[in-house]
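Heads up: the protein sequence lines correspond to chains A and B, in order.
Mapping of the first sequence onto the working numbering: residues 741 to 1044, in sequence order.
Mapping of the second sequence onto the working numbering: residues 59 to 159, in sequence order.
Cβ coordinates follow ideal geometry from the N, Cα and C atoms, glycine included.
Note that the coordinates shown come from a computational prediction; the quantities given were computed from them, not determined experimentally.
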Amino acid sequence: MSKVYDMIIVGGGPGGYTAALYAARAGMSVVVLEKLAAGGQMVETPQIDNYPGYIDGVDGYTLGQQMCKHAEKYGAQTRYTEVTKLSLQPEMKAAETPEGVYYGKTLVVATGANPKHLGVPGEQELLGRGVHYCASCDGMFYRGKTVVVVGGGNTAAADALLLSRVAEKVILVHRRDTLRAARVYHKPLMQAQNVEFYWNSQVQEIRSGEIVVQNVHSGQKNTIPCDGVFVGIGRQPASELVKGMLELDEGNYIVGDETTATNIPGVFAVGDVRAKALRQIVTAVSDGAVAVHYAEEYLATLTE
Amino acid sequence: MAVLHITKDTFEAEVLNSDKPVLLDFWASWCGPCRMIGPILDEIADEREDIKVCKVNVDEEPELASQYQVVSIPTLLVIENGKIVNQSLGAKPKAQILAML
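Okay, here's the thing in structure tokens:
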């Protein structure tokens, strides 16, 4: 029989590695299965200014590496491999990877979320050649050019601000008439000389060198010339692996209450993949710690 | 063989005229996803004698980046006999990078 871990963690973002840290410190055997590298969505953020303790901010890649090393210092292991299938039975959890099957008494789903796509013509075709989802990665290529940012939440607002310092002109297209983003973004965006707003507007099509938007009230269509489009309309949970096994809400987020417990005993959901009110690094790390607390309770029931 | 850092002066000799297929990575130090695949590319360079792994820093070599129309990083190209035979955008797991070769 293969080794049975006390805990398998799928995904190496802040939720996953905090669960790994707490589990390892609680004396549990724990392995993190990460397909690429530590950090998750954090790596796309060059400057994180709301993680307590880092007064001058920290870049997401570094924070991810630190969380990984921190957990590994206490004995957590990392395997860089992609989980292709999960089997979640109350008595045994199994994660299949190209390198073999990992077995665990408990399993934490920490798979995070990915950028949501607009689903309009041209988006797929121009991916990486005019259509982008990461302003901090690709914004520098639009120095002195005109870019459109789509969305009105924190991602879009942060992208628009970053791009306003690089591009000649930034045009923010939002389907509502106000920003949903946090207050901290409003003033600098409104004051930026080179940011224009297209309110109440939805993207209809992306073409090479231009974007077609439609006013949601009047129905009038406008073609906006631009060199690139940055889509920041939110995230979708990476919950495909557990579809049909764990209860999901209408947005495909895993249903788990503040205990992070799911509908299968010994299976927990942490971070952005869980249905919750606020998706932040601090709430992901909180989930990780909470999951281990209830995993320990669950493990205790197995030995009774 | 270790990863080779390419400039516009060495590009022709090391990449275009290479006798082995070249896995070419366009990257920058401020790009998180680029840093994610850095260690993977180091591993591939160590493990595979039959290919050459090269990196172009887009900040230091903007001419090369614009010559290959790179507007998204990391961009990975596979170049054989001076021609692009495969390319991919964004950070990818090791298995997917190896599958490009």
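Query raised in the report: Of all the options A:794, A:929, A:914, which has the alpha carbon lying nearest to the alpha carbon of residue 1022 (chain A)?
Result: Within the first sequence, numbered from 1, the residue matching residue 1022 (chain A) stands at position 282. That would be A:794, whose Cα lies nearest to the Cα of residue 1022 (chain A).
Query raised in the report: For residue 817 (chain A), which residues does DSSP report across the bridge?
Result: Position 77 of the first sequence, counted from the first residue, corresponds to residue 817 (chain A). In the DSSP output, where bridge partners are listed per residue, residue 817 (chain A) has A:771.
Requested in this report: For the beta strand (DSSP E) containing residue 842 (chain A), list its first residue and its last residue.
Outcome: Along the first sequence, one-based indexing puts residue 842 (chain A) at 102. 840 to 849 is the extent of the beta strand (DSSP E) around residue 842 (chain A).
Requested in this report: Report the residues of the segment 757 to 790 of chain A with a CB closer than 8 Å to any CB of chain B, ordered along the chain.
Outcome: Legend: CB atoms of the segment 757 to 790 of chain A lying less than 8 Å from CB atoms of chain B belong to residues 775, 776, 777, 779, 782, 783, 784, 785, 786.
Query raised in the report: Quick one, which of A:932, A:1019, A:859 has its alpha-carbon nearest residue 945 (chain A)'s?
Result: For the purposes of this step, residue 945 (chain A) is taken as residue 205 along the first sequence, with counting starting at 1. Out of A:932, A:1019, A:859, A:859 has the C-alpha closest to the C-alpha of residue 945 (chain A).
Query - residue 764 (chain A) burial status per 10 Å Cβ neighbour count (16 or more: buried) - result: Taking the first sequence and counting its residues from 1, one reaches residue 764 (chain A) at position 24. It counts as buried.
Query raised in the report: How many Å lie between residue 779 (chain A) and residue 913 (chain A) at the Cα?
Result: Counting from one through the first sequence, the residue named residue 779 (chain A) turns up at place 39. Counting from one through the first sequence, the residue named residue 913 (chain A) turns up at place 173. Cα-Cα distance, rounded: 30 Å.
Query - Interface residues of chain A facing residue 79 (chain B) [CB-CB closer than 9 Å] - result: Your numbering for residue 79 (chain B) matches position 21 in the second sequence. The premise fails here: residue 79 (chain B) is roughly 22 Å from chain A at the closest Cβ pair, so nothing lies under 9 Å.
Query raised in the report: Who are the Cβ neighbours of residue 965 (chain A) in its own chain at under 6 Å, not counting the five residues just before and after it?
Result: What you label residue 965 (chain A) is simply residue 225 of the first sequence in a count that begins at 1. Counting only Cβ-Cβ distances below 6 Å, and skipping sequence neighbours, we find 950.
**Report entry** Distance between beta carbons of residue 987 (chain A) and residue 1003 (chain A), contact taken as under 8 Å
**Finding:** What you label residue 1003 (chain A) is simply residue 263 of the first sequence in a count that begins at 1. What you label residue 987 (chain A) is simply residue 247 of the first sequence in a count that begins at 1. Residue 1003 (chain A) to residue 987 (chain A), Cβ: 5 Å. Contact.
Query raised in the report: Start and end of the alpha helix (DSSP H) containing residue 158 (chain B)?
Result: By one-based count along the second sequence, residue 158 (chain B) stands at place 100. Start and end: 152 to 158.
Query raised in the report: Which residue from A:810, A:842, A:837, A:961 puts its Cα closest to that of residue 744 (chain A)?
Result: As a position in the first sequence, residue 744 (chain A) is number 4, starting the count at 1. For the residues A:810, A:842, A:837, A:961, the minimum Cα distance to residue 744 (chain A) belongs to A:842.
Query raised in the report: Can you list the residues of chain E that residue 89 (chain B) reaches, using a CB-CB cut of under 7 Å?
Result: In the displayed structure, chain E is absent; the protein chains listed are A and B.
Requested in this report: Could you please give the first and the last residue of the uninterrupted beta strand (DSSP E) stretch that includes residue 977 (chain A)?
Outcome: Locating residue 977 (chain A) in the first sequence gives position 237, counting from the first residue. Per DSSP, residue 977 (chain A) belongs to the beta strand (DSSP E) from 975 to 977.
Query raised in the report: When the cut-off is 8 Å and only beta carbons count, does residue 905 (chain A) lie next to chain B?
Result: Working through the first sequence from its first residue, we reach residue 905 (chain A) at position 165. Using beta-carbon distances, residue 905 (chain A) does not count as an interface residue toward chain B, since no partner is under 8 Å.
Report task. Look up residue 990 (chain A) in the DSSP assignment and give the residues it is bridged to. Result -> Position 250 of the first sequence holds residue 990 (chain A). None, per the DSSP bridge assignment.
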